[in-house]
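Visitor: Counting from 1 along the sequence shown, just add 448 to a position and that's the residue number in our numbering.
Just so it is clear, CB atoms sit at the ideal spot from N, CA and C, and this is done for glycine as well.
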Amino acid sequence: MLTRRNAIAAAVATALCVAAAPAGAQEQPKGKLKVIASFSILGDLVKNVGGDRVEVGTLVGPNGNAHVYAPSPADAKRVADAKLVFVNGLGFEGWLERLVKASGTKAPVIVATKGIKPRERAGERGQDHDHGQADPHAWQSVANAKVYVANVRDALIAADPAGKAVYEANAAAYLAKLDALEREVREVIAKIPADRRKVITSHDAFGYFEAAYGIAFIALQGVSTEAEASARDVAAIIAQVKKQKIAAVFLENVTDPRLVEQIARETGAKIGGTLYSDALTGDKGDATTYIDLIRHNLKQLAAALES
Ligand SMILES: [Zn+2]
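Structure follows, in structure tokens:
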């Protein structure tokens, strides 16, 4: 017969056993590996690969615009404390080099787009400032996001070799989710009539999506939000929307909506909603992860374009 006292002793012994058991295979480093990602989308990719072993901070947070970010002294401190700094590259974070220098960090700066063939933007509206500029928004193609993930995995393994098996397993699981996501994108777009696969956005952030999945995006601004569209650009776009019968114009979470609203007013095209281009949404939004961001955009496009 088990007395109450014995039962408590047994429970305590069991608890101790459980606590002692998991050592070995999954040994954790003393603290988590502190890393910094330059913007929220990249931060999410790093979190998925790093899992419990990594503490990820992001510099440009949800709904933030990394093209025109002004780092704070607190950012310099966070970069100084990081063991790795993940950046997009391709000219996305023009402010980063100075920040890294100012922080005095010795942490390696990992360019997540390494190995991705950059899309060159032709500057087709005759604006010499963006002529031939590389388009940094490579994450808008899921195939490219897989390259980011591989680069993140390799950098985490190099910085924390004891976590190799964990990083490899996390990356493999997440890559499988991205494969499924890409299939979903292709299936949904296949259902949109080919002659309706054209939309207007405020800045040229969807070139990789266009190249990968065949929806044409006509942008009011260049690949950076720093350059304003001129009155002549706007007039040309209004003419184009009317001539090509473009059905929908989209807002973005990182840019000023007024220009898009003007185009909608003057052409009769409907506002299809908000596309998430360069940043995740905050916790209350519907794109708190990269996968949700792509899914949200896909849903908005399909709803506006499927006749
Ligand atoms: Zn952008």
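Rounded to the nearest angstrom, what separates VAL557 and VAL633 at their Cα positions?
Guide: The alpha-carbon atoms of VAL557 and VAL633 are separated by roughly 32 angstroms.
Visitor: Going by the beta-carbon positions, is the gap between LEU749 and LEU728 smaller than 8 angstroms?
Guide: no
Visitor: In its own chain, which residues sit with a C-beta less than 7 angstroms from the C-beta of LYS594, not counting the 5 before and 5 after it?
Guide: LEU623 and LEU626
Visitor: Answer yes or no: do SER551 and ALA582 have a C-beta to C-beta separation smaller than 8 angstroms?
Guide: Taking 8 angstroms as the Cβ cut-off, SER551 and ALA582 do not qualify as a contacting pair.
Visitor: Could you give the DSSP three-state label for ARG567: helix, strand or coil?
Guide: strand
Visitor: Quick check on ALA683: does DSSP put it in helix, strand or coil?
Guide: helix
Visitor: Using C-beta distances below 6 angstroms, list every residue in its chain close to ALA473, excluding the 5 sequence neighbours before and after it, in chain order.
Guide: Here the model assigns ALA473 a pLDDT of 43, short of 50, so the residue's position is not dependable and the matter cannot be decided.
Visitor: Could you tell me which of ALA603, HIS585 and ALA638 sits nearest to PHE540, measuring between CA atoms?
Guide: HIS585
Visitor: If we ignore side chains and look at the alpha-carbon of each, how far apart do ILE489 and ASN536 end up?
Guide: Between ILE489 and ASN536, the C-alpha separation is close to 10 angstroms.
Visitor: Contact defined as beta carbons within less than 8 angstroms: I believe VAL548 pairs with VAL533. What is the distance between those atoms, to the nearest angstrom?
Guide: 7 angstroms
Visitor: Where do the N-terminal and C-terminal ends of the beta strand (DSSP E) with PHE487 fall, by residue?
Guide: 481-487
Visitor: Report whether the distance from the Cβ of ALA653 to the nearest heavy atom of ligand 1 is below 7 angstroms.
Guide: yes
Visitor: Going along the chain, which residues of its own chain have a beta-carbon closer than 8 angstroms to the beta-carbon of ASN513, five neighbours each way excluded?
Guide: THR673, VAL702, THR703, ASP726 and ALA727
Visitor: When you compare only the Cα positions, how much space is there between THR553 and LEU507?
Guide: 15 angstroms
Visitor: If contact is defined by three or more beta carbon pairs under 8 angstroms, each pair taking one atom from either stretch, is the stretch 608-621 in contact with the stretch 639-652?
Guide: no
Visitor: What is the DSSP secondary structure of GLU503, reduced to helix, strand or coil?
Guide: strand
Visitor: Put PHE534 into one of helix, strand or coil per three-state DSSP.
Guide: strand
Visitor: From ALA606, HIS744, ASP652 and THR561, pick the residue whose C-alpha is nearest to that of VAL708; which is it?
Guide: ASP652
Visitor: What do you get for ASP734, buried or exposed, if any count of 16 or more other CB atoms within 10 angstroms of its CB means buried?
Guide: exposed
Visitor: Could you please give the first and the last residue of the uninterrupted beta strand (DSSP E) stretch that includes ILE663?
Guide: Segment: none, ILE663 is in no beta strand (DSSP E) and carries neither H nor E.
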